[in-house]
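Chains as they are written, first to last, in our numbering: chain A, 78 to 253; chain B, -2 to 787.
The C-beta atom is built at its ideal place from N, Cα and C for all residues, glycine as well.
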Amino acid sequence: MQVEINVNGKARKAEVEDRTLLVYFLRDTLQLTGTHVGCDTSSCGACTVHLDGVAVKSCTLLAAQADGCSVTTIEGMAKDGEMHPLQEGFRECHGLQCGYCTPGMIMTAADLLKRTPKPSETEIRFALEGNICRCTGYHNIVKAIQWAAENTAAPMLADSHLWTNDVVVEKVVETE
Amino acid sequence: MSNRYIGESIKRREDKRFITGKGRYTDDIVLPGMLHAHFVRSPYAHARVVGIDLEEAKAMPGVIAIYTGDDVAAINGVPCGWQVNFRNGETMREPKHPMLIPTGSTAKHVGDAVAVVIAETKDSAIDAAELVMVEWEELPAVAAPADAILPDAPKVHEQFPDNKAFDWTFGNPIEEVDAAMEKAAHITELEFINQRVVPNAMEPRAYIGSYDETSDKYTLYTSTQNPHLIRLLMCAFVLGIPEHKVRVVGPDVGGGFGSKIYHYTEEALVTWASKQIGQPVKWTSDRSEAFLTDAHGRDHATKAEMGFDADGNIVGLRIKTVANMGAYLSTFAPAVPTYLHGTLLQGLYTTPKINIDMTCVFTHTVAVDAYRGAGRPEATYLLERLMDLAALEMGRDPAELRFQNFIPPFDGVEQPGYQTQVALQYDSGNYEAVLKRGLEMLGYENFRAEQAEAAKTNKILGVGFSTYVEACGIAPSAVVGALGARAGLFESAQVRVQPTGKVSVFTGSHSHGQGHETTFVQVVADKLGIPMDDVDLVHGDSDTIAFGMGTYGSRSLAVGGSAIVKSIDKILEKGAKIAAHKLECAEGDLEYAEGKWTVKGTDKSIGFGDVALTAYVPHVYPAGLEPGLDFSSFYDPANFTYPFGCHIAVVEVDKETGKVTLKRMIAVDDVGNVINPMIVDGQIHGGLAQGIGQALFEGTIYDENGQLTNGSYMDYCMPRADDLPMFETDRQVTPCPHNPLGVKGAGEAGAIGSTPAVVNAVIDALWSAGHKPKDILMPLTSERVWEAMN
C-alpha cells in the first residue's frame, strides 16, 4: 500500500508492505537510522518518535497507521543548525555513553517537557519508565533533562521543534 | 609539559553524532546488493536433527540461498581462547562449536542454529525460515550447573559423560586451609547461587560480510569490542582465510559489557556466505534471539566458609564452586571462574589461608563468558556477603570487622606491592580510606538509630557494605600466557603527526560508549602541548590500525593509553633531534613545553608544527635521520592494575509486601589517576546500575526442559529509571605505580562492588526486625524477601 507521512517537515510518499512497521519505514525506506530497534516487545523505547506531537514507540505502529500523520525523529530535533535543548542537555551532562538508547530518550523527554516544563526528579524518572538505558544508570539522563528544563523557556519546549502537517512540503520521495 | 586537559571533565566529542541521530551502527550500514540472513534455530535445549526439508522454503520469493549444517560441515567451529586443564593434568575438553548443527547431530541449547536463509529482504528471509522443516528428536536437557554433575544428568556432549569441561583448584593447599579452619573460633558458612544474567547491550549484535572478487578480499562489519581479535580468530581458526585478505570494522557499537568480545558463529557465516553468493550479507539479531545466543554472565553455585579467631581476625577461606560454561566454551569462558575469580579471593583482607575448588561444567544452555567484571563480581559477592553475615553472626559491626582485617595501605613505590595467597601482587591500595569516606557520606552513627526506629514500623531499613579490589588493565602477556591464555594482552598505538602538525592517533582499543575519542585525545593533546582540536582518534578498523587487542577488562586507558604515551615519547624524542638541528644547539639544551622546543634559558624556540613540517620537508635536516614523524608502539603491561573501593547501599523493605526500595547508593572508588572525571563518574553509574540489577531485578529462569522462560525485555527485568536513586559518588586517587598514566581502569568497578552491598542491606534490614536469613536468592524479588520474613 501507499503511505504519505510528513517526516521532519517533509512529505514522504512510499509503497510499503501492509505489515511494515513505522520504525522500518523510517530506517529502511527513508534511511533515517537515528531511530533504533532495541527489542521486539515494545519495552525498550529506543525507537521512540513523535507522532502528531506525541511520543510513541515506532516499533508498535504500522507505517500504515501513520499515513497522513506527522512524524518527528531525532534527525528533526535540531533546527536551523541549532540543537534542541535536550540534545544540548545530554551532551552537557554526559547523558549518553554508547548512544544507542539516546534518540529514544531524547524523544521521550521532549514529550515530557512539553507537558511538564519543570518536572521533578520523580516525574522525570517516571516518564522514562518505558525507555531502557544499559550504560548510564539513568543518573546523568535525569540530570540532562533537568538541565534542559532549567535552561529553556517553557514556550520553547512547548514548541519543541515538533513538526506539524502545515509545514511546506520541501521534497517528495517516491519509491516503487 | 603543559597540563590543560588531563583531569578536566571535557564534554565528549562523539556525542554530536549520537544526539543528532547520526551515529553509525552496523545495522545502519547498507551496502549495494546487500542480502539479509535469518537463522533457523533449535526450539529445544537438546534435540537431534533427524532431517531438514528445504523444498518449500527454497521456493519462497526472494530466497537466494539456504545453508544447513551439512553445507558448512567443513568449516571449523569457533575457538576458545583460553585453556585451563584439569587439576590432574588432563587437557581441557573443547567440543566443537559448529557453525550450524548437521543432520544426525544434536542441538545443545535453545537457539543453536541449524540453517541460515539468505534472501533479498529481511522479511523474505524470515518468511522462508518459517518454512524450513526440521524434524527433531527431543532429548532430555540440563540447565543448572549443580544439576549437571549429578550422576544421571543428561549428557551435553556424549564423549564427556560427566559434563565437566575441567576442574581446578587454587590458592594454599587444602590441608593447610582445613587446618586453619579447624582452629577457627567461628566459621561463617554460606551456600548461594550467583545467578545467571544477560548482558543486554542495547544494540543487538549485527554483522555484514562482504566479499570483493577482484581483490579476493573480505570486509566484515561487526558490532564487536575488538575487531582485530575477531579477524585473528575468524581467519586463523575458523575460515582459514589469510588475515591480510580480511578487513574487520567495528563501527559505532551500542554497548558491549563483555558480550561483544567473543567471536560468534554468525560473524563467520555471513563472511563465508558473502563469497559463496557474491553479494554482501547482513544479519541483525532481534532481541529474543539475543537472549538465546549472546553469551551470558555469572552462573555459579557456591559453598563458602570463612573462619575467624576469637578476636575476629580472618584465619581461613574455603570455597567450593560449580560454574556453568554453557553448551560450548566461548572465547574467554574458562578464564572467568578461574584466573579472573580465584585470584581475587584475597579481597582486601589479610586472610592467611585460602583455597578454592572449582568445577566448570557443560549444560544445555548458551555459553557463559565474561560479563562486566567477569569473575571479580563473583569473587567480591562471595567475600562481601561473608563479611556482613559474619558480622551479624558474631555481633560485630560490619565496618569495624573490615577495618580490623584490611591489608594496611601501600603505595607500590615506597612500600612494596601486596603479595596475595592467590598469585596476584596488588600494585597499590589504601582500603581503610575508602571505607572511612563511605561511612562519612552515609552518616553511619545516625543511621543505626534511624534503623532502630524503623524496625518498629512496617518499613524497615538496612545498610549493606561492600569493599572490593579488582584486577584490570589486563594484562601482562607472559603472565596470562602461563595461565592458559592463547593470546597476548598488550595493546598497540600509532601516533601520526601530519606535515602541518595535526595529529592522527590510531588505537587498538575500541570505544563502544567509553568515550575514547575524548579521553585519549585529552592525553595526546596534553602530552604534546597542542590543542585538542589538532588531534583526532581513529579506532575500530583493522585496515587502518596496525593491531589491537580491544576493549574489555577495564583495560583501554591503562593498556591502550599507555601504548599511546610510548608513541608520543618517540615523537618527542625524534622531534627534539629535528629541533636541535634547526636551532643549532644540542638536544640536551632543549626543553619541551606548550607545544614548542625552547633552548633552555633563552627565548629561542621552534614550534611543534614547524618541526612536523621539517620532518616531511627535510631540506635542512639532521644527517642520517629518517624523514617523517610517525611512530607505532606496543605496550605490554608489567602487572594488572588494582582499583578498589567501597560501595554502601541503604534499603527500605516493606514488611507486608517484601518490596525492596533502594534509598541510597554510595560509591567511593579509587581507580588511580583520572583523565576525565565526568566520564569516570558515568562509568561508575552504569556499573552500579548493572550490579543493582543483578541484586534486585535480573536473572535468567530456565525450566526443567532447558527453556529460557524470560527471554525478552517483557519478561527479563532490568533496572529502569524509576527503580534507582541518584547515586552518591566520591573518589580517592592512589596512582597505579607501573603504567605511565598512573591509571587503573573504571569500567567494571561499579558492577563489582554494588551487588553484595544491596543484598547485604536487605539481609541487614531483616535482621534488624528479628528475622535471621543467611541468604536470599538473587534477584531479591518481593516474593523472595517476603518469604524470608514469613
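Inter-residue CB distance, residue i and residue j (contact presumed, cutoff 8 Å)
i, j, result
"B/M96", "B/L266", "6 Å"
"B/F234", "B/N455", "Contact doesn't hold; Cβ gap of about 59 Å is too wide."
"B/L554", "B/G742", "7 Å"
"B/R434", "B/Q729", "7 Å"
"A/N217", "A/H171", "5 Å"
"B/T541", "B/F503", "6 Å"
"B/M641", "B/V431", "The sequence given here has Phe at residue 641 of chain B, not Met. Sure, about 7 Å apart at Cβ, within 8 Å."
Assigned exposure category for residue i - 16 Cβ within 10 Å defines buried
i, result
"B/N85", "exposed"
"B/G558", "buried"
"A/R89", "buried"
"B/G750", "buried"
"B/M775", "buried"
"B/H509", "buried"
"B/G572", "buried"
"B/L147", "exposed"
"B/Q416", "exposed"
"B/E780", "exposed"
"B/N757", "buried"
"B/E264", "buried"
"A/P162", "buried"
"B/R228", "buried"
Span separating the alpha-carbon of residue i from that of residue j
i, j, result
"B/G767", "B/A364", "41 Å"
"B/A490", "B/I561", "5 Å"
"B/A367", "B/A583", "52 Å"
"A/A225", "B/A371", "37 Å"
"B/S220", "B/E286", "15 Å"
"A/T229", "A/I222", "11 Å"
"B/E588", "B/G604", "12 Å"
"B/E447", "B/I7", "40 Å"
"B/Y2", "B/N670", "13 Å"
"A/T252", "A/N85", "Note that A/T252 scores a pLDDT of 45, beneath 50, so its modelled location is shaky and nothing firm can be said."
"B/A176", "B/Q156", "38 Å"
"B/V518", "B/I274", "42 Å"
"B/I773", "B/F163", "29 Å"
"A/T193", "A/G111", "25 Å"
"B/G142", "B/Q495", "Note that residue 142 of chain B is Pro in the sequence shown here, rather than Gly. Straight-line Cα distance between these residues: approximately 56 Å."
"B/V521", "B/Y346", "38 Å"
"B/M711", "B/T166", "40 Å"
"B/I689", "B/G30", "45 Å"
"B/D761", "A/M160", "48 Å"
"B/A388", "B/K660", "22 Å"
"B/E467", "B/I575", "44 Å"
"A/E165", "B/V596", "45 Å"
"B/D633", "B/L230", "21 Å"
"A/V246", "A/K87", "Model confidence at A/V246 stands at a pLDDT of 39, short of 50, so the residue's coordinates are unreliable; what they give is reported in the following sentence. So the two alpha carbons sit approximately 5 Å from each other."
"B/Y215", "B/G547", "21 Å"
"B/G426", "B/L738", "17 Å"
Sheet register partners of residue i (DSSP bridge)
i, result
"B/N169", "According to DSSP, B/N169 bridges with nothing at all."
"B/W79", "B/A482"
"B/D727", "B/V665"
"B/Y415", "B/Y423"
"A/Q79", "A/E92"
"A/H127", "A/A132 and A/T149"
"B/R295", "B/R193"
Where residue i meets chain C, residues with beta-carbon distance less than 7 Å
i, result
"B/H682", "The chain labelled as chain C is not found among the protein chains of the depicted structure, namely A and B."
Distance cut-off 7 Å: residue i Cβ against heavy atoms of the ligand FAD
i, result
"B/L341", "Looking for the ligand FAD in the displayed structure turns up nothing, as the structure carries no ligands at all."
- Does the count of Cβ pairs from the region 566 to 581 of chain B and the region 644 to 658 of chain B closer than 8 Å reach three? no
- If we count Cβ pairs, one from each stretch, closer than 8 Å, do we get three or more for the region 197 to 206 of chain B versus the region 204 to 223 of chain A? yes
- Message: Contact between the region 55 to 73 of chain B and the region 104 to 116 of chain B is defined here as three or more beta-carbon pairs at a separation below 8 Å; is this criterion met?
- Response: yes
- Message: Would the region 6 to 20 of chain B count as touching the region 154 to 174 of chain A if we require 3 or more Cβ pairs under 8 Å?
- Response: yes
- Message: Using a Cβ distance threshold of 8 Å, determine whether the region 293 to 300 of chain B contacts the region 316 to 326 of chain B, with at least three qualifying pairs required.
- Response: The region 293 to 300 of chain B vs the region 316 to 326 of chain B: in contact.
- Query: Counting Cβ pairs, one atom from each stretch, are 3 or more of them under 8 Å apart for the region 383 to 399 of chain B and the region 473 to 484 of chain B?
  - Reply: no
- Query: Touching or not, the region 249 to 257 of chain B and the region 26 to 45 of chain B, by the rule of three or more beta carbon pairs under 8 Å?
  - Reply: no
- Counting Cβ pairs closer than 8 Å, one from the region 117 to 129 of chain B and one from the region 51 to 61 of chain B, do we hit at least three? yes
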